[in-house]
Amino acid sequence: MQRARRSHCITNSGTLIRLLHHWTTRKRGTTIRFPVSTLFFKRFLKRPFQIASIVPSSKALVERVASKMDFSQARVIAEYGPGEGVHSREIARRMSADSHLLLFELDAAFSRALERQFAGDPRVHVIHGDAASLPFELKRRGIACCDYILSGIPFSILKIDKKRALLRKTYDALGPSGSFIIYQVTNELKQHATIFERAESEYFLQNIPPMFITVFHKTPSLQSRERRTGQSRKVSALVGADRSA
């Protein structure tokens with residue numbers, strides 16, 4: 051009797067996790083490591099579109115994203131879809147004792163893991179729920195607004211109305227000089243986030259998969275403000291000249 055052949059495409063999760071634990075890639079002489087936990091892999095298998103990636107963010111990506119924030123003073127930061135907390139840990143490590151970090155996680159297993167992980171840190175608040183509840187969570191904690199909002203959730207899979215509604219709530223929850231920071235496989239959100247004054251993007255290769263890191267700002271750049279001021283002065287001068295004539 052001929053033994054049934056096993057497909058090369060099929061492997062058990064334990065084998066794949068062991069392989070991924072040692073998965074590295076080399077770029078310009080540096081080694082980039084992608085640690086994978088059993089929890090992360092299991093949640094990816096259960097909700098691939100919600101988790102979006104088979105591996106957590108690389109250390110290089112985590113550090114790059116954190117570098118977009120200024121931790122020189124007390125901050126209020128919210129994170130959408132923190133997963134097992136690779137970005138959350140770095141933010142908590144950098145932020146001051148009187149800062150706040152609100153983590154919004156829909157996945158129950160990730161949420162429980164985050165609660166255990168940050169149980170001894172009063173600065174970190176884990177919310178098992180939708181990111182759209184951010185305004186409510188800020189209000190009930192007596193917090194006026196956020197300085198930064200970070201998101202790794204795959205916006206590209208959200209329906210257009212939900213996408214725009216979340217962008218609106220995100221914008222409203224930010225302070226006057228606040229920023230919305232995203233890391234995504236695609237940069238399609240940029241075309242929908244026109245509510246923000248400006249956006250700065252970079253394509254970051256030191257991650258699998260490579261990611262677009264985009265920072266949306268509520269305030270215009272200094273050059274943009276100067277340009278607008280100059281244009282306003284020109285208009286005022288023209289109006290004044292017309293009246294004099």
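According to our numbering, the sequence shown is numbered sequentially starting from 51.
Ideal Cβ placement from N, Cα and C applies to all residues, glycine included.
Own chain, CB closer than 6 Å to residue i, minus 5 neighbours either side, in chain order
i    : result
A194 : none
R119 : A quick correction: the sequence has Met, not Arg, at residue 119. Only Y198 meet the Cβ criterion.
Y130 : F154, A181, S201 and I203
R76  : In this prediction, R76 scores a pLDDT of 46, lower than 50, which makes its location untrustworthy; no coordinate-derived value is stated.
Distance between residue j and residue i (C-alpha atoms, nearest Å)
i    : j    : result
F266 : I127 : 15 Å
H242 : P172 : 35 Å
S206 : L239 : 7 Å
K189 : D180 : 16 Å
R214 : L156 : 19 Å
V174 : R114 : 21 Å
M261 : F254 : 5 Å
G133 : I141 : 14 Å
S138 : C196 : 15 Å
P106 : V112 : 10 Å
R191 : I263 : 29 Å
S161 : A169 : 12 Å
D211 : N237 : 18 Å
Candidates the options: closest to residue i by CA position
i    : options                   : result
F121 : A158, F230, A147 and Y130 : A147
S251 : I231, K268, T244 and T269 : I231
S227 : G170, R248 and S117       : R248
R144 : A116, G170, R162 and K212 : A116
7 Å CB neighbourhood of residue i in its chain, flanking five on each side removed
i    : result
E187 : L152 and I177
G135 : L164 and Q167
G225 : C195, C196 and D197
For residue i, the three-state DSSP class (helix, strand or coil)
i    : result
A128 : strand
Y121 : Per the sequence presented here, residue 121 reads as Phe, with Tyr not at that position. Residue state, collapsed to three classes: coil.
D211 : helix
S108 : coil
Cut-off 8 Å between Cβ atoms - residues of its own chain near residue i, not counting five sequence neighbours on either side
i    : result
P185 : K219, D222 and A223
L208 : L216
R125 : M119, M145, S146, S149, H150, D197 and Y198
F246 : Y221, F230, F266, H267 and K268
(request) Let me know the beta strand (DSSP E) ranges lying completely inside the region 217-262, each 3 residues or longer, listed in chain order. (result) Correct list: 224-234 and 248-254.
(request) At 3 residues or longer, and completely inside the region 130-176: list those beta strand (DSSP E) runs for me, N to C. (result) 150-154
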